[in-house]
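Below you'll find the structure, written out as structure tokens, and then a few comments.
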Amino acid sequence: MSVLPLVFTSGWASGINAYAVILLLGVFGATGLSDDVPESLQRPDVLIAAGVLFLCEAVADKIPYVDSVWDTVHTVIRPVSGAVVGALLAGQSGSLSDLAAGAIGGSTALASHTVKAGTRMAVNTSPEPMSNFVLSTAEDLGVGGIVTFAMFHPEAAAIIAAVLLVLGLILLFLLVRRIRRFLRRRAQRREERRLARAVPPP
Numbered sequence: 334m335s336v337l338p339l340v341f342t343s344g345w346a347s348g349i350n351a352y353a354v355i356l357l358l359g360v361f362g363a364t365g366l367s368d369d370v371p372e373s374l375q376r377p378d379v380l381i382a383a384g385v386l387f388l389c390e391a392v393a394d395k396i397p398y399v400d401s402v403w404d405t406v407h408t409v410i411r412p413v414s415g416a417v418v419g420a421l422l423a424g425q426s427g428s429l430s431d432l433a434a435g436a437i438g439g440s441t442a443l444a445s446h447t448v449k450a451g452t453r454m455a456v457n458t459s460p461e462p463m464s465n466f467v468l469s470t471a472e473d474l475g476v477g478g479i480v481t482f483a484m485f486h487p488e489a490a491a492i493i494a495a496v497l498l499v500l501g502l503i504l505l506f507l508l509v510r511r512i513r514r515f516l517r518r519r520a521q522r523r524e525e526r527r528l529a530r531a532v533p534p535p
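Letter by letter, the sequence shown follows residues 334 to 535 in the numbering used here.
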């Protein structure tokens with residue numbers, strides 16, 4: 334069976350929560366529930382690091398504005414993680430070249446990361462924090478559910494991931510105006526802070 338559906342799904346999930354993907358795949362491989370997971374993802378040090386970083390993301394991702402900073406930092410990390418996981422999965426199965434799998438995983442991760450980061454900017458325009466918590470929890474559960482589903486039904490999971498990605502891109506397009514307003518407001522706050530620091534105390 335081609336590993337392409339699993340590569341695509343893991344790339345989509347990596348764009349939302351790369352550490353959860355690595356942790357879940359590693360656990361599935363280490364427990365013997367799947368033979369498709371490379372040994373490098375099953376190593377105890379990798380699982381511990383992924384678990385700690387997943388907990389850090391679970392907290393940071395639920396705090397307004399902190400989540401946007403976290404997303405900015407992970408603009409490179411998530412696509413690279415999606416590419417590496419895709420290449421490792423391809424190398425394990427031998428049904429797809431490592432380069433092609435890395436390109437698919439990385440580009441899919443970049444697209445889903447863009448949706449996640451843009452949606453969070455729009456959500457942060459709301460003054461109440463519950464929307465961040467609810468959205469972050471839904472993302473965590475969604476990533477966990479789809480990656481788990483992909484281990485047993487990769488083609489169906491890839492279709493679900495593709496539909497969610499397309500819907501996310503459409504939603505992001507509709508939220509562009511709100512995101513621009515958020516960016517302008519953030520730039521204005523930075524300028525106000527800069528001017529406040531430039532004014533000497535009386």
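The beta-carbon is built from N, C-alpha and C at its ideal position, and this holds for glycine as well. Owing to the predicted nature of the structure, the values given are computational and were not obtained by experimental measurement.
With 16 other Cβ atoms within 10 Å as the buried cut-off, status of Thr524
The residue given as residue 524 occupies position 191 in the sequence shown. At residue 524 the sequence reads Glu, which differs from the Thr that was named. It is exposed - the Cβ of Glu524 has fewer than 16 other Cβ atoms within 10 Å.
Contacts around Met463, its chain only, beta-carbon distance under 6 angstroms, and the 5 residues preceding and following it disregarded
Working through the sequence shown from its first residue, we reach residue 463 at position 130. Closer than 6 angstroms at the Cβ level, and outside the excluded window around Met463, lies no residue.
Quick check on the DSSP output: what are the complete alpha helix (DSSP H) runs of length 4 or more inside the segment 415-474, in order along the chain?
With a minimum length of 4 residues, the continuous alpha helix (DSSP H) runs that stay inside the segment 415-474 are 431-456.
Helix, strand or coil at Pro371 [DSSP, three-state]
Mapped onto the sequence shown, residue 371 falls at position 38. Pro371 falls in the coil class under three-state DSSP.
Whether or not the segment 410-427 and the segment 438-451 are in contact is what I'm after, with contact meaning three or more pairs of Cβ atoms, one per stretch, closer than 8 angstroms; do they touch?
yes
Nearest-angstrom Cβ-Cβ length linking Gly424 and Leu505, presumed shorter than 8 angstroms:
Numbered from its first residue, the sequence shown carries residue 424 at position 91. Numbered from its first residue, the sequence shown carries residue 505 at position 172. The Cβ separation is near 33 angstroms, so there is no contact.
Under 8 angstroms between C-beta atoms of Leu343 and Val354:
Here residue 343 is taken as the residue at index 10 of the sequence shown, counted from 1. Here residue 354 is taken as the residue at index 21 of the sequence shown, counted from 1. Per the sequence shown, the amino acid found at residue 343 is Ser instead of Leu. Yes; because the gap between Cβ atoms is below 8 angstroms, this pair is in contact.
Let me make sure I understand the geometry here. Which of Met454, Leu339, Gly477, Gly362 has the alpha-carbon closest to that of Asn350?
Start at 1 with the first residue of the sequence shown, and residue 350 comes out as number 17. Closest option to Asn350, Cα to Cα, is Gly477.
At what residues does the alpha helix (DSSP H) containing Asp550 begin and finish?
Since the first residue shown for the chain is 334 and the last is 535, residue 550 is missing from the structure and cannot be characterised.
Can the beta-carbon of Val467 be found closer than 8 angstroms to that of Ala346?
For this step, residue 467 is matched to residue 134 along the sequence shown. For this step, residue 346 is matched to residue 13 along the sequence shown. No, they are not a contact pair.
Limits of the unbroken alpha helix (DSSP H) element including Thr364:
One-based indexing of the sequence shown puts residue 364 at position 31. Looking at the DSSP string, Thr364 is not in any alpha helix (DSSP H), and its letter there is neither H nor E.
Thinking C-beta only, is Leu388 closer than 8 angstroms to Ala363?
In the sequence shown, counting from the first residue as 1, residue 363 sits at position 30. In the sequence shown, counting from the first residue as 1, residue 388 sits at position 55. Not a contact, by the Cβ cut-off of 8 angstroms.
Continuous alpha helix (DSSP H) stretch holding Arg522: start and end:
Residue 522 sits at position 189 when you count from the first residue of the sequence shown. For Arg522, the enclosing alpha helix (DSSP H) begins and ends at 509-531.
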